[in-house]
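Peer 1: Mind the numbering: the sequence shown is residues -25 to -1, 1 to 1059 in mature numbering (1 follows the signal peptide of the UniProt record, and there is no 0), read in order.
Every residue, glycine too, gets a C-beta built ideally from N, C-alpha and C.
The structure under discussion is supplied below as structure tokens; questions concerning it will follow.
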Amino acid sequence: MLILTTGQLHAASLVSFAILAYAAAEFNGNNGVAKPRDSSASCSRPKNPNSRLNPDQQYYSVNETLAITCDRGYELSNGKTKDTLTCKNVKWNKKKTDFKCREKPMIMTHNITITHDTIKVSWNSIYSRSYHYNVTAKCQLKRNYGVECDKKGETMSHVKNNATEEFIYGSLMPFSLYTITFNEMFHYGDGYQKEIRKTISVNTSETGPEPPCLSKDNNNPKIKWNISNCHGHILGYELTCIGKRSYNASFAEQYVINISSPRTEYRLNKLKKGTNYTVLLSGRTSAGLGKSSNITFETDISEPEPPEVSGMLVYNITDATAVLPLKLVAEVNGPISAYQIIIKKLKKKIPRKRSLSDMCQRNEIPAFNSTASNDLYITAEIPGSALRSTFTIGDGNMYQGYYNAPLLPEAHYTAIIRIVSTWNKVTKYSCSEYDSFSVSPRIVKKSNAAWVASASSLGILVIIFAMAIGYRRLSRKCQRNTEEMESISLINKGNVDTEIQVKDLLTYVIRKKKLEYENEDDEESVGLAKEYSSIPRDLIHPNIVATQPHNKGKNRYINITPYDQSRVVLQATSNKEDSDYINASYLDGYKKTNCYIATQGPLASTVDEFWRMIWQEKSAVIVMLTNLLEQEKAKCVKYWPEQSQQYSDFTVKLSGVKRTTEVVIRTFRVKKEDSSMERTVTQFHYISWPDHGVPKRLTGLRSLLKRVNECNVPGSGPIVVHCSAGIGRTGTFIALDCLLKRAEEEGKVDVMQCVKKLREKRVNMVQTVEQYIFLYDSLVEFLICGDTSVEVQDLYDKMKGMEWIDPATGKDRYTTEFETLQKFSDLYMFRPCRNAHKQLNKHKNRNSEILPADDVITHLMSLTNENGSGSYINAVIADRYNKQYGFVITHLPLKETLADFWALVYDYSCMTLIIMNEIQDLDETYPAFWPESGECSYGPFNVQKVLTKRSEGYTVTSLKLRKQKKETPVHLINLIQLEDWLMHQCLPRSDTVIKMLTEVQSLQQKPDDGTVLVTCWDGASRSGLFCAASIIHEQIKQEGLVDVFQAIKTLRSSRPQLIENKQQYQFCYKLALSLYSLVETYGN
């Protein structure tokens, strides 16, 4: 027995505690496993930083297994983050380098920017000092989505080292699939290296298509073409037809036709004779129009229009001469080369008129021959450009090689005017015959007595003759009056009378345009085009002064010259013959003589004369409707200074410039050398009117007309208006101003008569049929619609005013404005919907009253019918704010149109889908058309759900859309579904709609970010609200104004049923007020 004292016991306890503590430490350090007694046969703990061991101990027994797990951001040599080791007789079963945790090579995050011919790959490299790297990237063309396309950019490689870098692959094919393979080699300090490979697929975007290949048969007005789809899906075409005549520079004809795909031919109707036509055709993809191809051809001339000479009598008849009144013939069917005056000797005084056709077409009508009978001869030929108002037959002079022989006394004649048209070695004639006349007897000198007797007899004969002539003229006048009354009666019966009450204007235009749609395949003009074609064109009065050799150089266009009777005559400054000439014409306005001066764009040689005219006529306003350069052609010289400049005797100083979106307003101070007076002249330079065309928007033109009339104070001279030639845009502007003033005072307009009166003063005013129709469209816009825009800061006050109820009608102004919109929409209701009415397509329409018109229908390319034509879907394209065809509007798909719906999304690159209904709120005829999870197939399309994000009142679902065909591009789509507008509710919540707009704006920040598809249960009643809200939002942001009426009118031109009632119309105003508050808040 061992007995310890208290002190000894205390010491023993300390020793025991130390032994226990050591044992515990050994046990715990080996995860509860004691260290082997024979350490010489064990494996030591591997030194591997950045890792975790399990078990973690100093020594490991033979055949004991150790698990190594690398810390986050590190990996083993084999690329794994976890591995096991086994102790085999002192050594581990793997090399030290095999289980070392190295910093994991980071694959850089690549930012990819794609255009139609470029792929740019950039990144920010993330690496440490433990390794460096280099990258090899190979771009390879996998396929073109078009047919028989070039193989541009098949394989290209780049190599880059450590840095913030980018690869740019250029000269690629649009509308193609490329793969980019990255080989990234990482080098570590211990000699170890590792390669990582990654491949991504990239689709280059669509671009405008290549120029089409055009062809035309010689004797057929049909244009045919084929076009490559290597640049994108072909959605349609734009055809521009331009007609010109090298022999008549004042002639211009131009129209634009939008042709839907898949048509590849178009019949050119209503071509004019003797005209050189250029047809330009451009294809359209989702990226817009491509480059155009053109084909040029010339139509044959035909017989000139015979002049109307009935009622034009030969007069001033002597014993050898007679005066023949002449009339200019318009160059309708070809150039007027010459006027031939043919004399036909008659056996009887008043013969029966016979047909002239055989005689007129004879090439060998003789000249006068003193040895021949001269029963029929050409007495004179007058060049087409030198015709005067009268010609004296028998004056004994030579005219173009023809002797104008004196007439025989007491002989009976008739005069025939033959119009000669020669072009390209082809000659055509037309003739008109005057009433017959008798030459006076030859006067013989006699004795005084005999003379007195003869004089008495002659006096009696003269009185008798005068009475006979008077009776004859009275008879003819009565006959003409009868004919005129019959003509007036026929005019009224034929609805040719063009004077219209303003209240009837819209109905009139609708009737005319409906007629055009119904007869669009006919070669003859109808409707407004026929009205325009009936107005006399080309020269109708003499222009002798303008065509004098010393004045010809002052005319910008050789055939656009002022008439002698209406030209502006400058005060002569010298003895020079040309000092009084300028190519300018007076024109009458509404109840005001010489209200305007229409002139050409000044030439460098006529700027001095231009300012002389401004001063002489006391003009205070200049309206300039051209740009200095258009389509790379000079249209007008810069006739004003940047500061101050001398023009002959006049000093012109620029004193101020103001600019708006469409108008530049310049103010000048003008002073003449010998005068102390200084005058203010204001120039309104309208920059948005294309040559031979019409403005696309009327807002700026409305403002221009208002400002011009406000600036032209009483006492000022004529308003000077010019474009390039001074007839097309100039004539349209003046006509519109006159028509609006008459409408304001009389409540009626007459476009046709207005243009006729302008052409009496200057040749070919209102130059094209497009400009003529534009006058009607503008009148409807200004007189029926009125100015409906309002500055955003005044919106609240306007809305309060619109609540006022007119006691006479019992309607507030919301109702009145909406009813006007309804009437205006009738313009679009009668357009043909032939595709929608086809038997094989009828079952694809939810509502037979809501159908796509042929000129705005969407054509599917991904799905085709049995005959190869594109499949049909009830959908239309519509314009967004400043983006043509930015919306696609359709109804929710039927069960049988699910594939068509996704083909629509795919073909038109719709990146955002707006659904204005909760699908679950509808009946079983409205199937779900995207998967709740995973992937679903719809015809040849696969749709995969990626993500759903819920917001208050709506959800955003991200989808992937691809065709099942191999190597087709994947479309990323965001589907935004409105959920808090139930079917029984009249209107949605405005805050939800605004949040959806903001969502779309964040998703589509670039102009080329695809099309927005908007759909609802019937494709109209709800879709219009979102589209209108989008346009109004942009109006506020871009222009600082709101025009609800114009926003909806624009949309209704594609689908007239949009915004179906007054409640929705008024809601748009309230939405605008909320949007303004939102924009103002963010702006502050």
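Less than 8 Å between the CB atoms is what I'm expecting for Glu39 and Arg77, so what's the real figure, rounded?
Peer 2: Mapped onto the sequence shown, residue 39 falls at position 64. Mapped onto the sequence shown, residue 77 falls at position 102. Not quite, the Cβ-Cβ distance comes to about 25 Å (not below 8 Å), so this is no contact.
Peer 1: Taking just the CA atoms, how far does Trp905 sit from Thr56?
Peer 2: Counting from 1 along the sequence shown, the entry for residue 56 is found at position 81. Counting from 1 along the sequence shown, the entry for residue 905 is found at position 930. Whole-angstrom Cα-Cα distance: 39 Å.
Peer 1: Within the continuous beta strand (DSSP E) that includes Trp398, where are the two ends?
Peer 2: To locate residue 398, count along the sequence shown from 1; it is residue 423. Looking at the DSSP string, the run of the beta strand (DSSP E) that includes Trp398 is 387 to 398.
Peer 1: Which first and last residues belong to the beta strand (DSSP E) in which Gln168 is found?
Peer 2: Translated into the one-based positions of the sequence shown, residue 168 becomes position 193. Residues 168 to 178.
Peer 1: Per DSSP, Cys62 is paired with what?
Peer 2: Counting from one through the sequence shown, the residue named residue 62 turns up at place 87. According to DSSP, Cys62 bridges with Trp67.
Peer 1: What number of angstroms, rounded off, separates the C-alpha of Glu732 from the C-alpha of Gln742?
Peer 2: On the sequence shown, residue 732 is found 757 positions in, with the first residue counted as 1. On the sequence shown, residue 742 is found 767 positions in, with the first residue counted as 1. Correcting the residue identity first, residue 732 is Lys in this sequence and not Glu. Cα to Cα, the separation comes out at about 14 Å.
Peer 1: Rounded to whole angstroms, what is the Cα-Cα separation between Ala16 and Val65?
Peer 2: Walking along the sequence shown from the start, residue 16 turns up at place 41. Walking along the sequence shown from the start, residue 65 turns up at place 90. C-alpha separation (whole angstroms): 5 Å.
Peer 1: Are the segment 828 to 841 and the segment 956 to 973 touching, with three or more C-beta to C-beta distances below 8 Å?
Peer 2: Segments in contact, no.
Peer 1: Could you pull out every unbroken alpha helix (DSSP H) segment of at least 4 residues lying fully inside the segment 763 to 829, listed in chain order?
Peer 2: Runs found: 770 to 777, 788 to 804, 809 to 812.
Peer 1: If I'm right that residue 1101 touches Lys920 with Cβ under 8 Å, what's the distance once you round it to whole angstroms?
Peer 2: A query on residue 1101 cannot be resolved here, the shown segment of the chain reaching from -25 to 1059 and no further.
Peer 1: Do the CB positions of Thr705 and Val696 come within less than 7 Å of each other?
Peer 2: Position 730 of the sequence shown, counted from the first residue, corresponds to residue 705. Position 721 of the sequence shown, counted from the first residue, corresponds to residue 696. The Cβ-Cβ distance between Thr705 and Val696 falls below 7 Å.
Peer 1: For Glu910 and Asn917, which I take to be in contact (beta-carbon distance under 8 Å), what is that distance rounded to the nearest angstrom?
Peer 2: Sequence index remark: in the sequence shown, residue 910 carries index 935 (1-based). Sequence index remark: in the sequence shown, residue 917 carries index 942 (1-based). That pair is a contact at about 6 Å.
Peer 1: What did DSSP end up calling Asp555 once you bin it into helix, strand or coil?
Peer 2: Counting from one through the sequence shown, the residue named residue 555 turns up at place 580. Note: Asp555 maps to coil in three-state DSSP.
Peer 1: Helix, strand or coil for Asp213, going by three-state DSSP, please let me know.
Peer 2: The count along the sequence shown starts at 1 and reaches residue 213 at position 238. Per the sequence shown, residue 213 should be read as Glu rather than Asp. Three-state result, Glu213: strand.
Peer 1: Can you grab the Cα-Cα spacing for the pair Leu189 / Ser203, in whole Å?
Peer 2: Translated into the one-based positions of the sequence shown, residue 189 becomes position 214. Translated into the one-based positions of the sequence shown, residue 203 becomes position 228. If I take the Cα positions, the gap works out to 12 Å.
Peer 1: In chain order, what are the residue ranges of uninterrupted alpha helix (DSSP H) at least 4 long that sit wholly in the segment 183 to 213?
Peer 2: none
Peer 1: What span of residues does the beta strand (DSSP E) with residue 1064 cover, start to end?
Peer 2: Coverage of the chain is limited to positions -25 through 1059, which leaves residue 1064 absent and any answer about it impossible.
Peer 1: With a threshold of 8 Å, are at least 3 pairs of Cβ atoms found where one atom belongs to the segment 515 to 523 and the other to the segment 560 to 575?
Peer 2: no
Peer 1: Counting C-beta neighbours from all protein chains within 10 Å, is the total for Gln728 16 or more, i.e. buried, or is it exposed?
Peer 2: If you number the sequence shown from 1, residue 728 lands on position 753. Gln728 is exposed by the Cβ-count criterion.
Peer 1: Tell me the DSSP secondary structure of Arg672 in three-state form.
Peer 2: Here residue 672 refers to the residue found at position 697 of the sequence shown. Here Arg672 sits in coil by DSSP.
Peer 1: Check the C-beta distance from Gly675 over to Thr636 and give it rounded, since I have them as a contact under 8 Å.
Peer 2: As a first step, residue 675 is located in the sequence shown; it is residue number 700 there, counting from the start. As a first step, residue 636 is located in the sequence shown; it is residue number 661 there, counting from the start. Going by Cβ atoms, the distance from Gly675 to Thr636 rounds to 7 Å, so yes, they are a contact pair.
Peer 1: Helix or strand or just coil, what does DSSP make of Asp479?
Peer 2: Within the sequence shown, numbered from 1, the residue matching residue 479 stands at position 504. Of the three classes helix, strand and coil, the one that applies to Asp479 here is helix, per DSSP.
Peer 1: When DSSP labels each residue in this structure, what does Asn251 get in the three-state scheme?
Peer 2: Along the sequence shown, one-based indexing puts residue 251 at 276. In this structure, Asn251 counts as strand in the three-state DSSP scheme.
Peer 1: Should the segment 1028 to 1041 be called in touch with the segment 755 to 766, which here means at least 3 C-beta pairs below 8 Å?
Peer 2: no
Peer 1: Are Cys889 and Ala903 close, meaning C-beta to C-beta below 7 Å?
Peer 2: Stepping through the sequence shown from its first residue, residue 889 is reached at position 914. Stepping through the sequence shown from its first residue, residue 903 is reached at position 928. Residue 889 is actually Ile in this sequence, not Cys. No, the pair does not count as a contact, with Cβ atoms beyond the cut-off.
Peer 1: Give the C-beta separation of Ile391 and Ile311 to the nearest angstrom, bearing in mind that I take them to be a contact with Cβ-Cβ under 8 Å.
Peer 2: Within the sequence shown, residue 391 is the residue found at index 416, counting from 1. Within the sequence shown, residue 311 is the residue found at index 336, counting from 1. The pair is not a contact, with the Cβ atoms about 16 Å apart (cut-off 8 Å).
Peer 1: Tell me which same chain residues have a C-beta within less than 6 Å of the C-beta of Asn178, skipping the five on either side of it?
Peer 2: Taking the sequence shown and counting its residues from 1, one reaches residue 178 at position 203. Answer for Asn178: Leu152, Pro944, listed in chain order.
Peer 1: Bridge partners for Leu1048 per DSSP, in chain order?
Peer 2: Sequence index remark: in the sequence shown, residue 1048 carries index 1073 (1-based). According to DSSP, Leu1048 bridges with nothing at all.
Peer 1: Measuring CB to CB, does Cys114 end up less than 7 Å from Ile89?
Peer 2: The count along the sequence shown starts at 1 and reaches residue 114 at position 139. The count along the sequence shown starts at 1 and reaches residue 89 at position 114. It is not a contact, given that the beta carbons lie outside the stated cut-off.
Peer 1: Would you say the segment 291 to 302 touches the segment 362 to 380, given that touching needs at least three Cβ pairs under 8 Å?
Peer 2: Three or more Cβ pairs drawn from the segment 291 to 302 and the segment 362 to 380 lie within less than 8 Å of each other, which places the two stretches in contact.
Peer 1: With a threshold of 8 Å, are at least 3 pairs of Cβ atoms found where one atom belongs to the segment 652 to 671 and the other to the segment 1010 to 1029?
Peer 2: No, because fewer than three Cβ pairs between the segment 652 to 671 and the segment 1010 to 1029 fall closer than 8 Å, the two stretches do not touch.
Peer 1: Does the segment 638 to 653 come into contact with the segment 616 to 630, if we say contact requires no fewer than three beta-carbon pairs (one atom in each stretch) closer than 8 Å?
Peer 2: yes
Peer 1: Whole angstroms is fine: what's the gap from Asn223's alpha carbon to Asn602's?
Peer 2: Taking the sequence shown and counting its residues from 1, one reaches residue 223 at position 248. Taking the sequence shown and counting its residues from 1, one reaches residue 602 at position 627. In a straight line, the C-alpha of Asn223 is about 23 Å away from that of Asn602.
Peer 1: Give a yes or no on contact between the segment 792 to 802 and the segment 483 to 490, applying the rule of three or more CB pairs nearer than 8 Å.
Peer 2: Taking a contact to require three or more Cβ pairs closer than 8 Å, the segment 792 to 802 and the segment 483 to 490 qualify as touching.
Peer 1: Tell me whether Cys911 sits in a helix, a strand or coil according to DSSP, three-state version.
Peer 2: The residue you call residue 911 lines up with position 936 of the sequence shown. Strand at Cys911.
Peer 1: Based on the DSSP secondary-structure assignment, which residues constitute the bridge partners of Thr887?
Peer 2: What you label residue 887 is simply residue 912 of the sequence shown in a count that begins at 1. The partner list for Thr887 (beta bridge, DSSP) reads Asn949, Val987.
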